[in-house]
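Take the position in the sequence shown, starting the count at 1, then add 494; the result is the number in the numbering used here.
Backbone N, C-alpha and C fix where the C-beta goes; we use that ideal spot for every residue, glycine too.
Structure record follows, encoded as structure tokens.
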Amino acid sequence: MGEDSSTECQLPWLQSQVRASFYRKVCSGVSTQLSLPLPLIPCVTSPLSHLSSRVSFGIDMQLEEGYNHYWRLEDHCPDGYTYNSEVHVCYKPSAKTAKLSWMDAFYNCSNENAHLFISNTLAKRDILAAYIRNNNFTYIQFKLGGNDLFQEGWWAWLDGSPVITWYYTQPDNGNGDKNQHCMENTREHPDYNSDGICNSTERYICQIPLQ
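Here is the structure:
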């Protein structure tokens with residue numbers, strides 16, 4: 495544990511990191527850290543007081559309460575990612591043979607300073623659906639960046655925004671008899687989302703937030 499130090503939240507810290515995804519715990523005057531595969535930033539100033547112009551804020555449903563997840567906003571798309579000017583994001587689907595559980599896909603994207611695709615606007619939903627249709631992926635499901643792991647029935651994207659673009663029968667938790675807590679696009683209807691089993695292995699789509 496250590497004393498609060500706002501200097502550790504300044505931009506030089508962010509600019510010096512190879513890994514741009516990190517965690518920070520907000521508590522009363524003291525910061526604490528967890529042993530995680532991603533970096534932690536040890537400061538507890540007001541949520542985005544020093545970071546708002548350079549990072550994107552999100553909620554990691556897998557962490558102890560009070561920990562928030564941040565991503566540095568990049569200024570360009572790295573190799574392998576496609577840029578979309580309409581929504582100003584970079585995205586990349588996993589290879590055909592790269593099928594992972596939701597959590598493994600989450601960490602795989604994080605290793606590229608990215609996160610699972612967040613389809614939290616109609617424009618992003620339409621772009622994702624067009625990509626799936628244009629590449630004849632209509633019968634393929636992709637892991638996306640939403641879940642209800644924090645609270646049963648409370649579905650949110652990794653940035654904390656609610657999930658609203660459901661297929662009309664979803665979410666159904668496998669008709670009530672399955673553990674379906676992680677987001678996927680709906681097979682045959684990529685404009686909409688459905689709940690899926692977190693440990694099932696599927697392809698996935700990573701997204702890099704831009705400045």
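By the Cβ-count criterion, residue 659 is buried, with 16 or more other Cβ atoms from all chains shown falling within 10 Å of its own Cβ.
By alpha-carbon distance to residue 604, the top candidate from 688, 687 and 566 is 566. Straight-line spacing of the CA atoms in residue 636 and residue 698 works out to 4 Å. Between residue 696 and residue 640, the alpha-carbon positions lie close to 15 Å from each other. Pairing residue 610 with residue 599 gives a Cβ-Cβ distance under 8 Å. Residue 638 places its beta carbon less than 8 Å from that of residue 679. Buried is the label assigned to residue 585, since at least 16 other Cβ atoms lie within 10 Å of its Cβ. Under the criterion of beta carbons closer than 8 Å, residue 589 and residue 684 do not qualify as touching, at roughly 19 Å. Under the DSSP assignment, residue 688 falls in the beta strand (DSSP E) whose first and last residues are 683-691. Membership of residue 628 in the alpha helix (DSSP H) is indicated by the continuous run 616-628.
With 16 or more neighbouring CB atoms inside 10 Å of its own CB, residue 687 falls in the buried class. The beta-bridge partner set that DSSP reports for residue 594 consists of 696. In the DSSP assignment, residue 660 forms a beta bridge with 687. Collapsing the DSSP output to three states places residue 584 in a strand.
Assignment of residue 601 by DSSP, reduced to helix, strand and coil, places it in the helix class. Under the three-state reduction of DSSP, residue 679 is assigned to strand. Counting along the chain, the unbroken beta strand (DSSP E) around residue 636 starts and ends at 636-641.
Between residue 653 and residue 602, the C-beta gap is not smaller than 8 Å, which leaves the two residues out of contact. The beta carbon of residue 649 lies closer than 8 Å to those of 640, 641, 642, 656, 657, 665, 677 and 689 in the same chain, with the five residues before and after it left out.
The beta carbon of residue 587 sits closer than 7 Å to the beta carbons of 636, 697 and 699 from its chain, once the five residues preceding and following it are set aside; these are given in chain order. Straight through space, the alpha carbons of residue 705 and residue 619 are spaced by roughly 20 Å. If you draw a 10 Å sphere on the C-beta of residue 674, you find 16 or more other C-beta atoms in it, and that means buried.
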